[in-house]
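Trainee: Protein chains in written order, with this note's numbering: chain A, 411 to 668; chain B, 49 to 335; chain C, 411 to 854.
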Amino acid sequence: MKSISLYEDKNSVINMLAPMTKVIYIIAALIVPFLLGSNTISVVFIGISILVLIIGKVLKRVVPIIGFSSIIVLSVIIIQGLFRAGNVTPLFSIGPAVFYKEGLLFALDIGINILNILLSFSVLVLTTKPSDLIEGFVRIGLSPRLGYVLISVFQIIPQMTETMVTITDAQRSRGMETEGNLITRIKAFFPLISPVVMSSLVNTKERAIALEVRGFNSKQKKTFLNEEHKTMADIVIKIILVFAIVASIVGRVIIWLK
Amino acid sequence: MAKIVVEHLKYKYPLTDKLALNDISFTIEPGEFIGIVGKNNSGKSTLCQALVGLVPAFYKGAYGGKVYIDHVEVAKSDISEMCKKVGIVFQNPFNQVTGSKISVYEEIGFGLENMGISRTEMIERIDEAMELLDISKYKDRNPFDLSGGQMQRMAIASIIAMRPEVIILDEPTSQLDPQGSEEVFQAVQALSKKGISIIMVEHKIEKIAQYSDKVMLLNDGKLIDFDTPQKIFSMDNILEYGIAPPAFTQICRGLGIYNKESGLYPVTLEEAQNIFFSKGIGGRSNE
Amino acid sequence: MSKIEIKNVSFSYIKNELILDNINLVIDERSTAIVGQNGAGKTTFVKLLKGLLKPNQGDILLNDQSIKAMTVAKLSKHIGMVFQNPNDQIFKNKVIDEVMFGPLNIGMTQADATKNSKKALEMVGLSGKLDNNPYDLGLSERKLITIASVLAMDTEVVIFDEPTIAQDLAGRELIKSIIRKLRSEGKIVLTIIHDMDFVAETFERTIVFAKGSVILDSNTRDVFSKGEILKKAYLEQPSVTKLCRALGYEETFLTVNEFIEFRKNSHMIDLFRAFTTKEDFFYDGAFIAKIKYQCFQLKSDKETYKNEVVKSNRKLCVINCNGYVDNEIAETLTVYLMMNVTVKESIQPEIVEDTGTLWRDFSKEEIADFSHLTGDTNSIHLTENPVVQGMFILKELCDTTKTNEIEVKYTHPIYGCNPVYIKREGNLIKGFSNGILCFQATAL
Numbered sequence: 411m412k413s414i415s416l417y418e419d420k421n422s423v424i425n426m427l428a429p430m431t432k433v434i435y436i437i438a439a440l441i442v443p444f445l446l447g448s449n450t451i452s453v454v455f456i457g458i459s460i461l462v463l464i465i466g467k468v469l470k471r472v473v474p475i476i477g478f479s480s481i482i483v484l485s486v487i488i489i490q491g492l493f494r495a496g497n498v499t500p501l502f503s504i505g506p507a508v509f510y511k512e513g514l515l516f517a518l519d520i521g522i523n524i525l526n527i528l529l530s531f532s533v534l535v536l537t538t539k540p541s542d543l544i545e546g547f548v549r550i551g552l553s554p555r556l557g558y559v560l561i562s563v564f565q566i567i568p569q570m571t572e573t574m575v576t577i578t579d580a581q582r583s584r585g586m587e588t589e590g591n592l593i594t595r596i597k598a599f600f601p602l603i604s605p606v607v608m609s610s611l612v613n614t615k616e617r618a619i620a621l622e623v624r625g626f627n628s629k630q631k632k633t634f635l636n637e638e639h640k641t642m643a644d645i646v647i648k649i650i651l652v653f654a655i656v657a658s659i660v661g662r663v664i665i666w667l668k
Numbered sequence: 049m050a051k052i053v054v055e056h057l058k059y060k061y062p063l064t065d066k067l068a069l070n071d072i073s074f075t076i077e078p079g080e081f082i083g084i085v086g087k088n089n090s091g092k093s094t095l096c097q098a099l100v101g102l103v104p105a106f107y108k109g110a111y112g113g114k115v116y117i118d119h120v121e122v123a124k125s126d127i128s129e130m131c132k133k134v135g136i137v138f139q140n141p142f143n144q145v146t147g148s149k150i151s152v153y154e155e156i157g158f159g160l161e162n163m164g165i166s167r168t169e170m171i172e173r174i175d176e177a178m179e180l181l182d183i184s185k186y187k188d189r190n191p192f193d194l195s196g197g198q199m200q201r202m203a204i205a206s207i208i209a210m211r212p213e214v215i216i217l218d219e220p221t222s223q224l225d226p227q228g229s230e231e232v233f234q235a236v237q238a239l240s241k242k243g244i245s246i247i248m249v250e251h252k253i254e255k256i257a258q259y260s261d262k263v264m265l266l267n268d269g270k271l272i273d274f275d276t277p278q279k280i281f282s283m284d285n286i287l288e289y290g291i292a293p294p295a296f297t298q299i300c301r302g303l304g305i306y307n308k309e310s311g312l313y314p315v316t317l318e319e320a321q322n323i324f325f326s327k328g329i330g331g332r333s334n335e
Numbered sequence: 411m412s413k414i415e416i417k418n419v420s421f422s423y424i425k426n427e428l429i430l431d432n433i434n435l436v437i438d439e440r441s442t443a444i445v446g447q448n449g450a451g452k453t454t455f456v457k458l459l460k461g462l463l464k465p466n467q468g469d470i471l472l473n474d475q476s477i478k479a480m481t482v483a484k485l486s487k488h489i490g491m492v493f494q495n496p497n498d499q500i501f502k503n504k505v506i507d508e509v510m511f512g513p514l515n516i517g518m519t520q521a522d523a524t525k526n527s528k529k530a531l532e533m534v535g536l537s538g539k540l541d542n543n544p545y546d547l548g549l550s551e552r553k554l555i556t557i558a559s560v561l562a563m564d565t566e567v568v569i570f571d572e573p574t575i576a577q578d579l580a581g582r583e584l585i586k587s588i589i590r591k592l593r594s595e596g597k598i599v600l601t602i603i604h605d606m607d608f609v610a611e612t613f614e615r616t617i618v619f620a621k622g623s624v625i626l627d628s629n630t631r632d633v634f635s636k637g638e639i640l641k642k643a644y645l646e647q648p649s650v651t652k653l654c655r656a657l658g659y660e661e662t663f664l665t666v667n668e669f670i671e672f673r674k675n676s677h678m679i680d681l682f683r684a685f686t687t688k689e690d691f692f693y694d695g696a697f698i699a700k701i702k703y704q705c706f707q708l709k710s711d712k713e714t715y716k717n718e719v720v721k722s723n724r725k726l727c728v729i730n731c732n733g734y735v736d737n738e739i740a741e742t743l744t745v746y747l748m749m750n751v752t753v754k755e756s757i758q759p760e761i762v763e764d765t766g767t768l769w770r771d772f773s774k775e776e777i778a779d780f781s782h783l784t785g786d787t788n789s790i791h792l793t794e795n796p797v798v799q800g801m802f803i804l805k806e807l808c809d810t811t812k813t814n815e816i817e818v819k820y821t822h823p824i825y826g827c828n829p830v831y832i833k834r835e836g837n838l839i840k841g842f843s844n845g846i847l848c849f850q851a852t853a854l
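Right under this line is the structure:
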């Protein structure tokens, strides 16, 4: 049983970077364009993200995500292009439908933002081990217990699905029908849900005890088996990104003061 | 070296009437291999939990008496502290996998991270534990990808890495196939040879007879007897306590064959074989 | 009689990774244990029988009907399976409701379901807990509930998946008795199990799986005799088998009692032979009036025998036959032999109404075997040689009473192959045949 995550180890430079670096990147990618109110900067970040994804050899995995979001973006384009209040300048028309410039520009705005968000998150999610990410947060102060809860979800859910299969088998072999009309399927609900819940509770209790006897609730400050990701590149990138964020805050203030 | 002293231990689970442990007292010397036997609900698991401190800390309930491990009173200590002295392995291998680590190597290090051990020492301890349990070849595997026997050995390694002087195993082979069982018994024997005290609850009576220095018989929460396997399994009324002696012992008893000096019956295959040969029964040596 | 045929069945979850490779089996009415290492294909095999998986190749026939097309739910009317983990199944909050779930699903009426469920719960010893919440009961009791849930469905086939895990002695004996009862009702019982001792004590047939194939399939004794093959499959022989092999016996012993009986019998027979062959007592008119056997220590093939005539006149001869080990008496046979006495058949023997329970219905073969063993090759009827009869009854009584000291008085011969009944009165055992008191035995 493998854990559920989108991560794949491509052994690239990007994989070597600390998770925190990528988190800061996301913050930068979202805040800087927002504060400076510029779509161009968003596009710049989109470009950076795509570049990073190529270096990380995970660009292909992004395609389905983009594909999915483009459906949303397309609907936004259609609705805003046609019906947005304040649409005065027609740009082109398809049959009887007239697309207006204002609406289309607005939709483009939204599209760029969505793309930026998706790509910057993809940089994090596709190149980082979930356990490393959570460990990164724990290193900077996240409660280790919360960290454990978050990370164990990835591993334990596939286990639960295996249990669900066994439970379904057990109930089916007592004559419970699972195939058929809606009523049949609804009737199958309780004999399946109850053992799932109960066995999860039992397993969770046993697991909690196992954790307990391995010092999980110790007040001691925890150490880390893994080496911390701390390359020159991390430090440099972090400095650049933080600088960019600070610069954008300053820039915002200046604009505001004007 | 950690000596275990239990004095008048009594315990009742919350919302129950019956005493799960009823005035139990015994001493276990360092380095001993102790087997605990008794019918279901005789208090074996509860005793194990009391030795680590889960009773009363985790299970609450009414607790009386004292349990000392290496002169430290268990009930008054934090489990996180006790786990450095005494470790425990349970029946279900799956539920002992933390689920937060993606390799066997990291999984074994989980307890060490909690203890705040330095990184270099962690690596040393994990390597040592994997070597002892013969699972070094699985170090990069996902913990959930192991067989039952391998998973139990990983659980034992995770506990061993914390370097306790006492390890308790509560029916560790119940859910394993014969090969997995054998792997666990051999691993535990290796630990025992290193001087770690072992306390094992098992239904596989022949194995308990084979590996234990002493056997503890529990019934209804009471300690009935605590003595060598030969003594315990030669008890005339042992069936009353819901336990059948090893098959070898039963055969010898049925044929009236026993050790003339001690007046006790053999409990292992080797012992039985030797006694039979000395009486002139059977003649060919084993293959 | 029900029958399951597995014909050329192969199965794999992923292409090119064959879990089961061309399995051919016929499951008949013998109770069957399925053993093998984890990963050998046992669970997959059983799931195929239950219809939870469909074979990639081959077919499975239940009573000559293919089950490939049947849904699991429909098949569950005929084949029931007790899963390993009760937590994967229990969902009602009353034991009786949980057990009735299966029967109601397969179409039993409320009344029938209730009746069967109560009967099933009685079989597992939970009659007093019908209205309890299953989760208030311990794990071993929850396992019994899942067993009852399947028994209540009254299927022709019952499959158990590791029933003895975490069970103590009482639990294992209960499961043994359930399996025996199902077998006696004519149901097919199949069990996946790791406990070889339990297999040896309980199952008539054992099938060994290894790497997706069946490597051994025979009656249990035969399978456990093949130590080398079992070792390759990472399996061990039962403890008793191992000990007896280590002692040099060629036969495969399965249970403790079997071996004990064997040792005891072989000794008694040697003693009898010492008695019958040392002196020639097989002449007309001799019969045993009383015979006494004492066993002090059963030991040694180094036993030597010596006969001692204690008293001898025309009508009565008393002989002590002693077996010595290291100059100590290990066992003694004292025979009171009546000779040259005419049996007056005209004496009206007392015909008793209540002759107790049926004890033995001796077959000619049994008697012939015994006679042969003790040195008389002619008798096949109990009546033909009263001396042989006297010893045979003694031996059978020893087996029945499992005692080390017994005395038998014979008052009337047992004729032909008539069945023998016994009635116990305290220490006394009275034996009757045809309503007539034939012997009285006192076991000490």
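Beta carbons are placed, not taken as given, at the ideal position from N, Cα and C, and that holds for glycine.
Whole angstroms are fine: how far does the CA of Asn-737(C) sit from the CA of Lys-674(C)?
Mentor: C-alpha separation (whole angstroms): 20 Å.
Trainee: Do Ile-701(C) and Tyr-746(C) count as a contact pair if the criterion is CB distance below 9 Å?
Mentor: A contact, by the Cβ cut-off of 9 Å.
Trainee: Taking only beta-carbon positions, decide if Ile-566(A) is within less than 9 Å of chain B.
Mentor: So yes, Ile-566(A) belongs to the interface.
Trainee: CA-CA distance, Asn-495(C) and Glu-80(B)?
Mentor: Distance between the alpha carbons of Asn-495(C) and Glu-80(B) is about 34 Å.
Trainee: Could you pull out every unbroken alpha helix (DSSP H) segment of at least 4 residues lying fully inside the stretch 421 to 473 of chain A, listed in chain order?
Mentor: Correct list: 423 to 426, 429 to 446 and 449 to 465.
Trainee: For Tyr-545(C), name the three-state secondary structure that DSSP assigns.
Mentor: If DSSP states are grouped into helix, strand and coil, Tyr-545(C) belongs with the helices.
Trainee: Name the one or two DSSP bridge partners that Lys-487(C) has.
Mentor: Answer is none; Lys-487(C) lacks a bridge partner.
Trainee: Could you tell me whether the stretch 643 to 654 of chain A touches the stretch 56 to 73 of chain B, using the rule of 3 or more Cβ pairs below 8 Å?
Mentor: The stretch 643 to 654 of chain A, when compared against the stretch 56 to 73 of chain B, does not touch it at the 8 Å Cβ threshold.
Trainee: According to DSSP, Asn-510(A) sits in a beta bridge with which residue or residues?
Mentor: Asn is not the amino acid found at residue 510(A); the sequence shown has Tyr there. The partner list for Tyr-510(A) (beta bridge, DSSP) reads Pro-500(A).
Trainee: Mapping DSSP to helix, strand and coil, what is Phe-421(C)?
Mentor: Three-state result, Phe-421(C): strand.
Trainee: Write down the C-beta distance between Ile-246(B) and Ile-215(B) rounded to the nearest angstrom, noting that I regard them as a contact closer than 8 Å.
Mentor: Correct: roughly 6 Å between the Cβ atoms.
Trainee: Looking only at its own chain, which residues have a Cβ that is under 7 Å from the Cβ of Ser-609(A), when we skip the five neighbours before and after it?
Mentor: The residues are Thr-573.
Trainee: For a minimum of 3 consecutive residues, which ranges assigned as the beta strand (DSSP E) are wholly contained in the stretch 130 to 202 of chain B?
Mentor: DSSP runs (the beta strand (DSSP E)) wholly in the stretch 130 to 202 of chain B: 134 to 137.
Trainee: Where does Trp-769(C) land, buried or exposed, given buried means 16+ other C-beta within 10 angstroms?
Mentor: Trp-769(C) should be labelled buried.
Trainee: Which class does Asn-448(C) belong to by DSSP, given the choice of helix, strand or coil?
Mentor: Asn-448(C) falls in the coil class under three-state DSSP.
Trainee: Can you give me the Cβ contacts of Ala-507(A) inside the same chain, cut-off strictly under 7 Å, excluding the 5 residues immediately before and after it?
Mentor: Contacts found: Leu-492.
Trainee: Short of 8 Å in beta carbon distance, which residues of its chain neighbour Pro-573(C), apart from the five on each side in sequence? Order them along the chain.
Mentor: Here the set comprises Val-492, Lys-553, Ile-557, Ile-585, Thr-601 and Ile-603.
Trainee: Note down the Cα distance separating Leu-217(B) from Val-468(A), rounded to an integer number of angstroms.
Mentor: Distance between the alpha carbons of Leu-217(B) and Val-468(A): 46 Å.
Trainee: Among Ala-235(B), Thr-146(B), Ile-72(B) and Thr-64(B), whose alpha-carbon lies nearest the alpha-carbon of Asp-274(B)?
Mentor: Residue 274(B) is actually Phe in this sequence, not Asp. With distances taken between Cα atoms, Phe-274(B) lies closest to Ile-72(B).
Trainee: Are the C-beta atoms of Asp-607(C) and some chain B residue less than 9 Å apart?
Mentor: Yes, its Cβ sits closer than 9 Å to a Cβ of chain B.
Trainee: Is the CB of Ile-291(B) under 9 Å away from at least one CB in chain C?
Mentor: True, the Cβ-Cβ gap to chain C drops below 9 Å.
Trainee: Taking just the CA atoms, how far does His-251(B) sit from Lys-413(C)?
Mentor: Going from the Cα of Lys-413(C) to the Cα of His-251(B) covers about 35 Å.
Trainee: Between which two residues does the beta strand (DSSP E) containing Asp-431(C) stretch?
Mentor: Its beta strand (DSSP E) spans residues 428 to 437.
Trainee: Please tell me whether Glu-335(B) has its Cβ less than 9 Å away from any Cβ of chain C.
Mentor: Here the model assigns Glu-335(B) a pLDDT of 31, short of 50, so the residue's position is not dependable and the matter cannot be decided.
Trainee: What are the boundary residues of the beta strand (DSSP E) that includes Thr-714(C)?
Mentor: Residues 714 to 722.
Trainee: For Phe-478(A), count neighbouring Cβ atoms within 10 angstroms of its own Cβ and tell me buried if that reaches 16, exposed if not.
Mentor: Looking at its Cβ environment, which holds fewer than 16 other Cβ atoms inside 10 Å, Phe-478(A) is exposed.
Trainee: Please list, in chain order, the chain C residues whose beta carbon lies closer than 7 Å to that of Ala-580(A).
Mentor: Correct list: Phe-493, Asp-498 and Gln-499.
Trainee: Nearest-angstrom Cα distance between Ser-333(B) and Gly-113(B)?
Mentor: Only weak support exists for where Ser-333(B) lies, its pLDDT of 39 falling under 50; the value from the coordinates is given anyway. If I take the Cα positions, the gap works out to 52 Å.
Trainee: Would Met-563(C) pass as an interface residue toward chain A - the criterion being a Cβ-Cβ separation below 9 Å?
Mentor: True, the Cβ-Cβ gap to chain A drops below 9 Å.
Trainee: So, is the C-beta of Ser-562(A) closer than 9 Å to a C-beta in chain B?
Mentor: So, interface residue.
Trainee: Name the one or two DSSP bridge partners that Leu-271(B) has.
Mentor: Answer is Leu-266(B), bridged to Leu-271(B).
Trainee: Please give the ranges of any alpha helix (DSSP H) in the stretch 579 to 631 of chain C, keeping only runs that are unbroken, at least 4 residues long and fully inside the region.
Mentor: Listed in chain order, they are 579 to 594 and 606 to 612.
Trainee: Just reading off the beta strand (DSSP E) that Gly-101(B) is part of, what are its end residues?
Mentor: Element bounds for Gly-101(B): n/a, residue is neither H nor E.
Trainee: Would Leu-514(C) and Gly-590(A) be called neighbours here (beta carbons separated by less than 9 Å)?
Mentor: Contact: no.
Trainee: Please report how far the alpha carbon of Gln-647(C) lies from the alpha carbon of Ser-628(A), in whole angstroms.
Mentor: Cα to Cα, Gln-647(C) sits roughly 47 Å from Ser-628(A).
Trainee: Starting from the Cα of Leu-561(C), find the closest Cα among Thr-630(C), Asn-543(C) and Ile-589(C) and give me that residue.
Mentor: Ranking Thr-630(C), Asn-543(C) and Ile-589(C) by Cα distance to Leu-561(C) puts Ile-589(C) first.
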